[in-house]
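Numbering (my numbering), first residue to last: 491 to 1052.
All C-beta atoms, glycine included, are put in the ideal place defined by N, C-alpha and C.
Computed from a predicted model, the values in this text were never measured in an experiment.
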RNA sequence: CGGGGCGUAGCGUAGUCCGGUUAGCGCGCCUGCUUUGGGAGCAGGAGGUCGCAGGUUCGAAUCCUGCCGCCCCGACCA
């Protein structure tokens, strides 16, 4: 493709709105432009990359027997009401104003709708149906360029099986296909166990990329490879002690002592001798959650333990519930449900709030004083704690979710009545799996992992062109002739070449645009080299340059472009 | 949705506190000549509802009120 005829609007300056490298570079290299918050137009260069990625995805999905659909983005609201997800998505779902339609944020309902009544026998399964479609979500705060938008391209696949054992097989097929897809894209990723959240179902895993721009937090063990979303991660930690002798309960005046740290300093004790109280509202009733010291409540774990959504109590509710404000709340004399983190199990001689401002209680024995206390794993894992598998230290960092695979089960097929007859002629709900990939995120993550101060650095996995040919001074007959010849020769040999044939810009502009766009191999045709019948080759990644004979170019390109 | 910041030509910005020439600069763009291996030089030129709407004032980019948009932090998030 000739640069002079292309629309590749590169930018020298950094747009002030962009912060993260992938966003800056995708704007600067002319791949995307923002239309509105979280809404991006893909320009030819960016869309070309999207097409390359979706080609890889299609090939691997087809390889496991996937069949591609193209479903409507505009959906009747009624179908979504049948599964309760209009409410579940809430404000995140876009509603059409002048008709009872919604803009689909995902497609479980619609795929299930098509399965219903059409997959009638166990003999017709397994089925794997997928599509690559724009999804719409009314994100409260779009961010990080293309990584979290209000509309985004997703590959979503759904498996339909006659049993949970069969679902396991479909799930494994997807797991392996996803590994191939991300490997072929050259992305450095890892897989974590995850919470399935509002999607329903049980087992789920996420394909993650480590990045400060990420919105998920994961715990990762370098040593054994253990990886889990912080929402479900566990670690080996020291439990609180149980002393041989339990003290009696006694009240302590603790004026203006609010935090655990202040309490520890005031009393000269260790944080493991304290129990922190947090009040949550579950099913409109308060629940006191008791944690050891400064341990953080993990709300996902809490919701799993209680079996439903929770919210922290508002500060103004606390006094009415407990009799005290935050900082003085505790389990003794608390008139509502109390649950505790496992770390506190059977602890004694503990200090906690007295449910009276400026007072704490010491000598608490959880076994003696709260005999009915329920214990759950409720704490959030922290960096440096020991891995449950190998005992080495865990790292905790931010990551971008690229893909997510779920064993959904029968949530949607039951709600929509998608059933089949099994070997015994008995009616059963179809067992589903759901598998997503954020297509633009693959692109953004690739860029996040492959750039330098000059621009993007594509490699053999992903690249917009095979070769970037620069005709430096396109007013000189010798340069025009030589570069046009090379261009034709490479095209005939089947290479995808970006030919910078502009005669309006300086050589420096071409060099910088080439480095910014980041095609792996640059062929530089200038008068200087042509005097010796030579052309310069530059390897974008290493910056290495060398001259080759004009006649040997094709062979050199064959060696360099895989 | 809460907190903070910002909105001036395609991009980056000065001017705003303290109202007063024709709103300035760099990049980019157009024309001509020169230049041509790492973002050129000279000359000429086009391009602005100063986010929008009200208000105050002889006079508003500047002050006041309301709204809209964008970025960052938080909440939320399959």
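For residue i, name the three-state secondary structure that DSSP assigns.
i            : result
residue 1012 : strand
residue 528  : coil
residue 721  : coil
residue 896  : strand
residue 688  : Below a pLDDT of 50, predicted positions are generally treated as unreliable, and residue 688, at 45, falls in that range; no measurement from the model is reported.
residue 513  : helix
residue 654  : helix
residue 506  : coil
residue 1042 : helix
residue 570  : helix
residue 494  : helix
residue 518  : helix
residue 961  : strand
residue 996  : coil
residue 971  : helix
residue 824  : coil
residue 627  : coil
residue 604  : helix
residue 593  : strand
residue 978  : helix
residue 695  : strand
residue 1036 : strand
residue 452  : Shown here, the chain extends from 491 to 1052; a query on residue 452 therefore has no answer.
residue 1048 : helix
residue 667  : helix
residue 782  : strand
I'd like to check one pair, residue j with residue i: are the Cβ atoms closer than 7 Å?
i           : j            : result
residue 500 : residue 991  : no
residue 683 : residue 890  : no
residue 910 : residue 537  : no
residue 764 : residue 750  : yes
residue 620 : residue 721  : no
residue 844 : residue 825  : no
residue 898 : residue 923  : yes
residue 989 : residue 1020 : no
residue 732 : residue 838  : yes
residue 498 : residue 535  : yes
Given residue i, which residues of its chain have a CB within under 6 Å of its CB, disregarding the five upstream and five downstream residues?
i            : result
residue 688  : In this predicted model, residue 688 has a pLDDT of only 45, less than 50, meaning its place in the structure is not dependable; the value taken from the coordinates is given anyway. The residues are 578.
residue 597  : 561 and 646
residue 516  : 522
residue 610  : 910
residue 1035 : 1026 and 1028
residue 993  : 964 and 965
Compare the C-alpha of residue i against each of the options and name the closest.
i            : options                : result
residue 884  : 772, 890 and 872       : 872
residue 1010 : 949, 1001 and 1042     : 949
residue 835  : 809, 862 and 1001      : 862
residue 561  : 543, 604 and 535       : 604
residue 1033 : 975, 943 and 799       : 943
residue 649  : 728, 932, 926 and 1043 : 926
residue 738  : 524, 822 and 1049      : 822
residue 997  : 965, 1021 and 984      : 965
residue 938  : 880, 602 and 634       : 634
residue 660  : 551, 580 and 725       : 551
residue 1045 : 983, 995 and 1006      : 983
Can you give me the Cβ contacts of residue i inside the same chain, cut-off strictly under 8 Å, excluding the 5 residues immediately before and after it?
i            : result
residue 563  : 593, 594, 623, 624, 625 and 626
residue 532  : 521, 522 and 540
residue 636  : 512, 513, 516, 522, 530, 642, 930, 931, 933 and 934
residue 1022 : 1037
residue 805  : 815 and 816
residue 808  : 769, 814, 815, 816 and 819
In its own chain, which residues sit with a C-beta less than 7 Å from the C-beta of residue i, not counting the 5 before and 5 after it?
i           : result
residue 953 : 1009 and 1010
residue 951 : 674, 675 and 676
residue 912 : 612, 652 and 918
residue 729 : 833 and 835
residue 849 : 741, 742, 743, 744 and 818
residue 977 : 959, 987 and 989
Contact between the stretch 742-751 and the stretch 700-718 is defined here as three or more beta-carbon pairs at a separation below 8 Å; is this criterion met?
Result no; under three Cβ-Cβ pairs closer than 8 Å.
Is the stretch 965-984 in contact with the stretch 1010-1022, if contact means three or more CB pairs nearer than 8 Å?
Yes: at least three Cβ pairs fall under 8 Å.
Between the stretch 560-578 and the stretch 903-917, do three or more beta carbon pairs fall short of 8 Å?
yes
Could you say if the stretch 751-763 and the stretch 691-711 meet the contact criterion of at least three C-beta pairs nearer than 8 Å?
Verdict: no, contact absent.
Below 8 Å, how does it come out for the stretch 864-882 and the stretch 781-791: are there three or more Cβ pairs, yes or no?
yes
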